[in-house]
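This report refers to the structure that appears directly beneath it.
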């Protein structure tokens, strides 16, 4: 757990999302100024929240701001502030690692792209594989490359949607080490893995049936206590 | 160069590199279109020249559009595989750049398929002898293909988010491209028969292209939004 000092940078007010008669998010209010892990069972609305914040989806009502930029009214500017890492790597199998980063770097207008790619690829420990096609990479290597893709444009905010899905123990630890290096960024992570989710974060919240049912500082809560609260909150809403 | 155009160029470059390595779209389209030409040549090969002249444009455009549809079907499926479409959508640019980039890439692949198919078609249907103006034929092929790809790329993006995407694309696409097929076949026939209707059909196709390309580019944002 780290002590991060950052201004409030993700601000969500009364955010709701309905899919027909199903309510995925119901009046969600959240402020994130450091590293918050949002826990929740499958179908709680975690991915929907990340999709709205990353401008891929419009909410039914409410507002969301990233670094004071309204993600609904100014999505293109908001996208330049965020990096997204999810269980999907967003990488092309047919391109080499370096080519993938070059492609995304051009989409993000990254200056000094070659230098930036070299530094990021070293950071994730893939410098010896940069000329290899992503199709030949293991899941863990893809995820590491996906992290460098998300950091290409040096985003202020990182949105992590179940980043540990499909990773083995070693790859998950590598991901943690990489995330631990990015102390200066505001991170919103969603996961249903309590142990991993609690490890690096400063704040925790629990989302059940589209509602934030619990919020606390990570320092004030241990794993066992979180587990108990999580089970209780999930059962209450079943 | 304008930043928007640079992004479009990157998308086209990426599609070409991937296609050169994987050969998923081109091979499928090419094999299919040549098979259509071959089967048609066997089926109609015994017909006299006058009859061949009247069926040749239809056979050619059936081969182009059916093969093109197979390619367009793949166009966005490969983007969905590892969430790559989302990856592009997360970039700070208007999503219409994705549509324009994909349309240009599809246009390039379709053109390559059409050139190679045409070589086989010329041999099997004596097309070189019956076509009176090759330049006019090139023009109608460009105009017809552009209209087909403009609508096809948009509908490929529509169908890729559904479970029945392979079936949905032809169901959505063919009713919309009927004017393109009729226009292209009639214009090609008018080149062969020199009936003087060529420019009338070209005008219809150009109008179709402008309308559908503009509508597709403007509506793409709503189509791919989750």
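Protein chains in written order, with the working numbering: chain A, 30 to 267; chain B, 19 to 244. We put the beta carbon where it would ideally sit given N, CA and C, even for glycine.
Element boundaries [alpha helix (DSSP H), containing residue 61 of chain B]: Here the alpha helix (DSSP H) through residue 61 of chain B covers 42-62.
When you compare the segment 106-115 of chain B with the segment 98-108 of chain A, are there three or more beta-carbon pairs, one atom per stretch, that lie closer than 8 Å? Segments in contact, yes.
Taking CB distances under 9 Å as the criterion, tell me whether residue 191 of chain A reaches chain B. Not one chain B Cβ lies under 9 Å of residue 191 of chain A.
Terminal residues of the alpha helix (DSSP H) in which residue 207 of chain A lies: Residues 198-209.
Does residue 225 of chain B pass the burial test, meaning 16 or more other C-beta atoms within 10 Å, or should it be called exposed? It counts as exposed.
Out of A/68, A/93, A/89, which one is the CA nearest neighbour of residue 50 of chain A? Answer by Cα proximity: A/89.
Rounded to the nearest angstrom, how far is the Cβ of residue 226 of chain A from that of residue 199 of chain A, given a contact under 8 Å? In fact, because the Cβ distance is near 19 Å, the residues do not count as touching under 8 Å.
Among all the DSSP beta bridges, which residues are the ones paired with residue 116 of chain B? For residue 116 of chain B, no pairing in a beta bridge is given by DSSP.
DSSP state of residue 40 of chain A, grouped into three classes? In this structure, residue 40 of chain A counts as strand in the three-state DSSP scheme.
Any beta carbon of chain A sitting closer than 9 Å to that of residue 110 of chain B? By this cut-off, residue 110 of chain B is an interface position.
Look up residue 68 of chain A in the DSSP assignment and say whether it is helix, strand or coil. Here residue 68 of chain A sits in strand by DSSP.
Completely contained alpha helix (DSSP H) runs for the segment 95-150 of chain B, where each covers 4 or more residues: Runs of the alpha helix (DSSP H) lying entirely within the segment 95-150 of chain B, each at least 4 residues long, are 102-107, 114-143, 145-148 in chain order.
CA-to-CA distance, residue 173 of chain A to residue 153 of chain A, given in whole angstroms: In this structure, the straight-line span from the alpha carbon of residue 153 of chain A to that of residue 173 of chain A is close to 6 Å.
Any Cβ of chain A within less than 9 Å of the Cβ of residue 39 of chain B? Yes - at least one Cβ of chain A is within 9 Å of the one on residue 39 of chain B.
Examine chain B for any beta-carbon lying closer than 9 Å to the beta-carbon of residue 111 of chain A, and answer yes or no. It does: the Cβ of residue 111 of chain A has a partner Cβ on chain B nearer than 9 Å.
Which word fits residue 104 of chain B, buried or exposed, when buried means at least 16 other C-beta atoms lie within 10 angstroms of its C-beta? Residue 104 of chain B is buried by the Cβ-count criterion.
Just to make sure I have the definition right: I need the residues of chain B whose C-beta is within less than 8 Å of the C-beta of residue 87 of chain A. Which are they? Residues of chain B passing the Cβ test: 243.
Would the C-beta of residue 215 of chain A count as close to the ligand MN, meaning under 8 Å from any of its heavy atoms? The ligand MN is not part of the structure shown, which contains no ligands of any sort.
Using a C-beta to C-beta distance shorter than 7 Å, which residues of chain A count as neighbours of residue 34 of chain B? For residue 34 of chain B, there are no C-beta contacts with chain A under 7 Å, since the nearest C-beta of that chain is about 11 Å from it.
Could you check whether the Cβ of residue 259 of chain A sits closer than 9 Å to any Cβ belonging to chain B? Answer no: the Cβ-Cβ gap between residue 259 of chain A and chain B never drops below 9 Å.
Give the interface partners of residue 138 of chain A over in chain B, defined as CB-CB distance under 7 Å, in chain order. Simply 21.
Measure the Cβ-Cβ separation of residue 224 of chain A and residue 252 of chain A and say whether it is below 9 Å. Yes, the pair counts as a contact, with Cβ atoms nearer than the cut-off.
7 Å Cβ shell around residue 121 of chain A - same chain, five flanking residues per side excluded: These residues qualify, in order along the chain: 129, 163.
Can the beta-carbon of residue 198 of chain B be found closer than 9 Å to that of residue 120 of chain B? Contact flag unset, no.
Which chain A residues sit within Cβ distance under 7 Å of residue 106 of chain B? At a beta-carbon threshold of 7 Å, the residues of chain A lying near residue 106 of chain B are 136, ordered along the chain.
Against chain B, does residue 123 of chain A count as a neighbour if the rule is that its beta carbon must be under 9 Å from one of theirs? By this cut-off, residue 123 of chain A is an interface position.
Identify the continuous beta strand (DSSP E) that holds residue 91 of chain A and give its terminal residues. Counted as a single uninterrupted DSSP element, the beta strand (DSSP E) harbouring residue 91 of chain A occupies residues 90-95.
Answer yes or no: does any C-beta atom of chain B fall closer than 9 Å to that of residue 166 of chain A? It does not; no Cβ of chain B falls within 9 Å.
Within the 9 Å Cβ cut-off, does residue 105 of chain A reach chain B? Judged by the 9 Å Cβ criterion, residue 105 of chain A is in contact with chain B.
For residue 118 of chain A, name the three-state secondary structure that DSSP assigns. Looking at residue 118 of chain A - three-state DSSP - the assignment turns out to be coil, as it is neither helix nor strand.
Using 8 Å for Cβ pairs, my map puts residue 148 of chain B next to residue 210 of chain B. What's the rounded Cβ distance? By a beta-carbon distance limit of 8 Å, residue 148 of chain B contacts residue 210 of chain B. Their separation comes to about 5 Å.
Can you give the Cα-Cα distance for residue 69 of chain B and residue 77 of chain B, rounded to whole angstroms? The C-alpha of residue 69 of chain B lies about 12 Å from the C-alpha of residue 77 of chain B.
Along the chain, where does the alpha helix (DSSP H) that runs through residue 261 of chain A open and close? That run of the alpha helix (DSSP H) goes 252-265.
Kindly indicate which three-state DSSP category residue 165 of chain A falls into: helix, strand or coil? Collapsing the DSSP output to three states places residue 165 of chain A in a helix.
By a C-beta neighbour count over all protein chains shown, 10 Å radius and 16 as the cutoff for buried, is residue 99 of chain B buried or exposed? When all chains shown are included, residue 99 of chain B counts as exposed.
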